[in-house]
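Residue numbers (my numbering): 276 to 737. Read the structure below first, then the notes.
And the structure:
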């Protein structure tokens, strides 16, 4: 499924998953229990998402030396901690739907208050907030799916057209990233299908990597500066922390990580053991402190638009040239015509084709699956970069990661309810249960916002 080669290290390959393994892995991960209608059975998804998590974690463990790692159950951890269930046609979190468009389907997230307030501007009519979904549904029905996504994105609303075939994006951004494949460095994922077959060239590469200068530090326990928020980036930094990295999470006091306002247990799970630094980036002192942290780091994780960081006096290309690796996680990639598009885990999954079709409708899969899928793959890419002798600029696209694993038909099967409760999946040669979402426990509470600022800036350590 995933090969990663670093010039100075042996190549590492995730174990291939036979076609008959994708569905049992999906059922065991907790993701299947989150997929489907609230009054119907759990549904299988195309591709091999849960198996890909196993594979990426295997690669990460081999590259980083980490042993006590989670399994594919992390796909359902947030849902387990927030008591979410499947609720099609809505997403498990309740802020996303796939709507019928004039020529197909479009997925839209209204997760933020600002998104809901922009619906009148999108549909061109006065709409009360309580009626925003009804108005949006009616408007989308008369528009091409690509137009829905384009107009919504111009307003900053996360939206995407659903591709006709899972994992086969055919748009200008996919073409842009495909054209860059020839320019990427030897740290490249070589994607294969669940049976080891090469994937179609129309499926984008999830990682574009460019080498920089010789690594500045090369610590045994790398220093990671984490500028990301929500789920994908923090999951990556959490896995790096489990492998022994020292992680410094940087936030601004006026706009901390939005996940702090969600499930405390989930935030603790992703950030336990990490130092918390709060910097006022509107001040020269705050910007200078951030630049000093970046210089000290072995790896910087971020999920911002490149222009935003340049306004702070930080240029990722220059940082990499000076010997610090930089991993960027964005919805569609940090370059190209869609580099400024926004996306959350549900709408990005829809953009990749990781959806299910049921009774003439299109339903979301799992709980924001593009986030955990991207997080585990990003961790594997980061571990590869930290094994090399040079720094790398790693451009990870959430849509491309998810498209990679959405490729492949669902194995023929039936789902039936067990007499004592729960669900069973039956294939031609297997019977297995659908497991509920589950979560690990946090090692300790996460640090309060800015709890370690003074010490980190003074001592230069975590």
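Virtual Cβ for every residue (Gly too), placed ideally from N, Cα, C.
Return yes when the Cβ of residue j is within less than 7 Å of the Cβ of residue i, no when it is not.
i           : j           : result
residue 297 : residue 323 : yes
residue 371 : residue 734 : no
residue 551 : residue 722 : yes
residue 668 : residue 595 : yes
residue 364 : residue 510 : no
residue 745 : residue 431 : The question about residue 745 has no answer here: the residues shown for the chain are numbered 276 through 737.
residue 367 : residue 354 : yes
residue 522 : residue 549 : yes
residue 773 : residue 608 : This structure cannot speak to residue 773, because the chain is shown only from 276 to 737.
residue 336 : residue 377 : no
residue 582 : residue 303 : no
residue 587 : residue 562 : yes
residue 699 : residue 497 : no
residue 424 : residue 379 : no
residue 652 : residue 331 : yes
residue 313 : residue 362 : yes
residue 520 : residue 499 : yes
residue 706 : residue 310 : no
residue 395 : residue 715 : no
residue 438 : residue 724 : no
residue 553 : residue 526 : yes
residue 565 : residue 654 : no
residue 428 : residue 612 : no
residue 645 : residue 673 : yes
Can you name the residues that DSSP bridges to residue i?
i           : result
residue 521 : 498
residue 605 : 672
residue 576 : 501, 602
residue 707 : 700
residue 689 : 701
residue 526 : 553
residue 531 : Residue 531 pairs with nothing; no bridge assigned.
residue 665 : 489
List the endpoints of the continuous beta strand (DSSP E) containing residue i.
i           : result
residue 633 : 630 to 633
residue 482 : 482 to 489
residue 701 : 698 to 701
residue 623 : Here residue 623 belongs to no beta strand (DSSP E); instead the alpha helix (DSSP H) covers 620 to 627.
residue 651 : Here residue 651 belongs to no beta strand (DSSP E); instead the alpha helix (DSSP H) covers 645 to 660.
residue 636 : 636 to 639
Just curious, the alpha helix (DSSP H) that residue i is in, first and last residue?
i           : result
residue 562 : 559 to 571
residue 729 : 728 to 734
residue 677 : 673 to 680
residue 543 : 539 to 546
residue 595 : 591 to 596
residue 585 : 581 to 585
Is the Cβ of residue i closer than 7 Å to any Cβ of chain C?
i           : result
residue 307 : No chain C is part of this structure, which consists of one protein chain only.
Under 6 Å from any heavy atom of the ligand NAP, does the C-beta of residue i make it?
i           : result
residue 339 : The ligand NAP is absent from the structure shown, which contains no ligands of any kind.
Open item on the list: Going residue by residue through the region 304 to 376, where are the continuous beta strand (DSSP E) segments of at least 3 residues, counting only ones entirely within it?
Closed with: Given a length threshold of 3 residues, each whole run of the beta strand (DSSP E) inside the region 304 to 376 is given here in chain order: 371 to 375.
TODO: Would you list, in sequence order, the uninterrupted beta strand (DSSP E) runs of no fewer than 3 residues that lie entirely inside the region 364 to 446?
DONE: 371 to 375, 380 to 384, 434 to 436
Open item on the list: Quick test of the definition: if touching needs 3 or more C-beta pairs under 8 Å, does the region 358 to 367 touch the region 329 to 347?
Closed with: no
Open item on the list: Between the region 620 to 635 and the region 676 to 683, can you find at least three pairs of beta-carbon atoms closer than 8 Å?
Closed with: yes
Open item on the list: Quick test of the definition: if touching needs 3 or more C-beta pairs under 8 Å, does the region 575 to 584 touch the region 497 to 513?
Closed with: yes
TODO: Would you check if the region 313 to 333 and the region 686 to 700 touch, i.e. whether three or more CB-CB distances between them fall below 8 Å?
DONE: yes
Task: Validate contact between the region 701 to 720 and the region 647 to 667 using beta carbons, cut 8 Å, 3 pairs - done: Three or more Cβ pairs closer than 8 Å define a contact, and the region 701 to 720 falls short of that threshold against the region 647 to 667.
- [ ] Taking 8 Å as the threshold, find out whether the region 386 to 399 comes into contact with the region 419 to 434 through three or more Cβ pairs.
- [x] yes
Open item on the list: Within 8 Å, do at least three Cβ pairs link the region 629 to 641 to the region 482 to 502?
Closed with: no
Task: Stretch-stretch touch, CB-based, cutoff 8 Å, three pairs: the region 441 to 449 with the region 395 to 406 - done: No: the two stretches stay apart, fewer than three of their Cβ pairs being nearer than 8 Å.
Open item on the list: Does the structure place the region 609 to 619 close enough to the region 325 to 335 that three or more beta carbon pairs sit under 8 Å?
Closed with: The answer is no - the region 609 to 619 does not touch the region 325 to 335, with fewer than three Cβ pairs under 8 Å.
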